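This report concerns only the one structure given below.
In this note's numbering, the protein residues as written are 782 to 1442.
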């Protein structure tokens, strides 16, 4: 039998659980991604699960094009997005970016198209107690209706125009350009057609969250508004679906509001209130409750965690939220009257949390370092969790996971995970530093999977140093504006703790990280020679250059004062780097632009005075990838190169150039 943790092709072929939806009648479906026929990407299908956890899963949708978003109507019909061919149309001349909303009847039968437009759809949300369905309808700025948008789209396509004219900042986000198309909202008629709800609102609805009341009369949404020319701020709006009238219910000149959830009766909105950070002070995130009269309050003022609301109970007496918590990301229940917080679930990170109509259960996708993905039912009274059969059977993991921690010089706790291989021989250690920086190691990641190293005999240390979430505000504040101070010394302290173990080989250690983890890898390279090799992916190198080229410069400049950039920019220690480095970057990375990787590579090359054949560094460049390496064939090459580089670093084998590189 193939060991999928050693066979990279078998690993990238493993199906992956996606988002979850439930119907008012109690049906549960989950999206599952499989590698496509060309093996160059993934396509998703929807599977129905037994909510009682007895019967096996069954496939609901299947097509070569795959399916995207999904939502249940009040009647239990399932709506989903797909670019599969529409029966009765000319399939030889498909419109570019064409997308269709399909309906799979609850009573059975074949799916059929209910809405089609040249620009497609970016999602739908359906009311649980009425026939109202709201759709995201991308359209060109300035287009007065779908007909005008289709004309612009056709003209640009025929004349091969890709240029975008901007009149505000930002112009990019993570991995894609902003404009010339932006999201609008429309009321979707399941008998055909869309009635505009918002019209052209510019970029207000880009990357925003929607939540619809049960009767379909009120829609809560986050709303992006310019704050001057060079900054964008988030507020929360409630839209009257019948009239299109919009009211800002959570807005402030200083703070931001995001991730709204509306109660079933539409009288309450819960969201996240985020204070504006400064170079000295980390942001504070609080659960914020807004009543129908516009009054707002801190829902859990004594809770030292960054919660995100996911659902109200049917009587709106309880709000359910998720938050990072000491190496997990569990579900919490917050009493609306007292603000008391109760942790509902145990180990793991819970996403796509959905509540049943009677409020007795939550359903969610759960993962952890010992669970690549499962779907669970959660009893809202007891927290008892039941695992549902899913269409994925993951192989046994090749080792074990331990929770580890040490104490920093200033007395702070430094926690993390240590993933260990089977066997008794001391294992080489890979220090793997998480990104963010405001995040933590708490859930399974297909892109950052320690088991691929563990299967080859490595131990992998996953630390949560200062700046990590899930340990309280003070733990974040310790590293704010001081990236090269406490976050660095915390990493070294937990590494010291790990290599003191009898099952770790202290003489064979490497360090690696991506994004902020790449920044830390660069900082490590310039401030210690204890590691035998360093892998830096999508990394910040020159903070002065990064500040104005990243996609959301206003966010980073709140922390990156001139003093911080002077003191903690890795490029100032370039001359001190002696450890072989593997630099990895995607050209379409807009969060950490390619210039960071190019500048690092140039300085490594310019600083080398030895023979050309002895040059120890490598640059793995992906012209068509972004902040993440998403294509399966490129992910395989990423792991193949990284593993070969670090194993050469510890003297286990010679570095071998992958055949396709």
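Don't be surprised by glycine CBs; every beta carbon is placed ideally from N, CA and C.
Source: prediction; values computed, not measured.
Item, Value
"If distances are taken between C-alpha atoms only, which option among 1418, 1305, 1088, 1415 comes closest to residue 1254?", "1088"
"From 956, 1206, 979, 1101, pick the residue whose C-alpha is nearest to that of residue 964; which is it?", "979"
"So the candidates are 1361, 1354, 949, 1204; which of them puts its Cα closest to the Cα of residue 1292?", "1361"
"Just tell me which of 1250, 1267, 1381, 1209 has its CA closest to the CA of residue 1237.", "1209"
"When you compare the CB positions of residue 860 and residue 813, do they come within less than 8 angstroms of one another, or not?", "no"
"Cα-Cα, which of 1213, 1341, 1156 is closest to residue 802?", "1156"
"In terms of DSSP beta bridges, what is residue 1426 paired with?", "Residue 1426 pairs with nothing; no bridge assigned."
"Can you give me the C-alpha to C-alpha distance between residue 786 and residue 1324, rounded to a whole angstrom?", "37 angstroms"
"Under DSSP, the alpha helix (DSSP H) around residue 1386 begins and ends at which residues?", "1375-1387"
"Going by C-alpha to C-alpha distance, which of 1051, 1204, 886, 1200 sits closest to residue 1223?", "1200"
"Expressed to the nearest angstrom, what Euclidean distance is found between the alpha-carbon atoms of residue 1111 and residue 1129?", "6 angstroms"
"Answer with buried or exposed for residue 1285, where buried requires no fewer than 16 other C-beta atoms within 10 angstroms of its C-beta.", "buried"
"Is the region 899-911 touching the region 989-1009, taking contact as three or more C-beta pairs under 8 angstroms?", "yes"
"What does DSSP give as the partner residues of residue 1293 in its beta bridges?", "1213, 1316"
"Can you tell me whether DSSP reads residue 1431 as helix, strand or coil?", "coil"
"Compare the beta carbon distance of residue 1381 and residue 1320 with 8 angstroms and say whether it is the shorter of the two.", "yes"
"Could you check the C-alpha separation between residue 1469 and residue 1346 for me, to the nearest Å?", "What is shown of the chain runs 782 to 1442, which leaves residue 1469 out entirely."
"How big is the Cα-Cα spacing for residue 1271 and residue 1289?", "20 angstroms"
"Assuming residue 1051 contacts residue 1003 (C-beta within less than 8 angstroms), just tell me the rounded distance between them.", "The Cβ separation is near 12 angstroms, so there is no contact."
"DSSP puts residue 1167 in a beta bridge; with which residues?", "1158"
"Is the region 1395-1410 in contact with the region 1355-1371, if contact means three or more CB pairs nearer than 8 angstroms?", "yes"
"Quick check on this structure: which residue in 819, 1175, 1131, 898 has the alpha carbon closest to the alpha carbon of residue 1106?", "1131"
"Thinking C-beta only, is residue 1000 closer than 8 angstroms to residue 1022?", "yes"
"Can you name the residues that DSSP bridges to residue 1196?", "1186"
"Alpha helix (DSSP H) containing residue 1327: first to last residue?", "1324-1330"
"Suppose the cutoff is 8 angstroms on Cβ atoms and the five residues either side in sequence are ignored; what does the same chain contact list for residue 948 look like?", "none"
"Hey, could you find the ends of the beta strand (DSSP E) residue 915 is sitting in?", "914-917"
"Considering residue 999, what are the terminal residues of the beta strand (DSSP E) in which it resides?", "999-1007"
"Quick one: Cα of residue 1243 to Cα of residue 1396, how far?", "30 angstroms"
"Return the first residue and the last residue of the beta strand (DSSP E) that residue 802 is part of.", "797-803"
"Out of 1076, 1032, 839, which one is the CA nearest neighbour of residue 1049?", "1076"
"Grab me the residues of residue 817's own chain with a C-beta within less than 6 angstroms of its C-beta, minus the 5 sequence neighbours each way, in chain order.", "824"
"As an exercise, report each continuous alpha helix (DSSP H) stretch of at least 4 residues that is fully enclosed by the region 1197-1268, in chain order.", "1232-1235, 1254-1258"
"With DSSP collapsed to three states, give me the class of residue 933.", "helix"
"Which two residues bound the contiguous alpha helix (DSSP H) that contains residue 789?", "789-793"
"Alpha carbon to alpha carbon, how far is residue 960 from residue 1386?", "38 angstroms"
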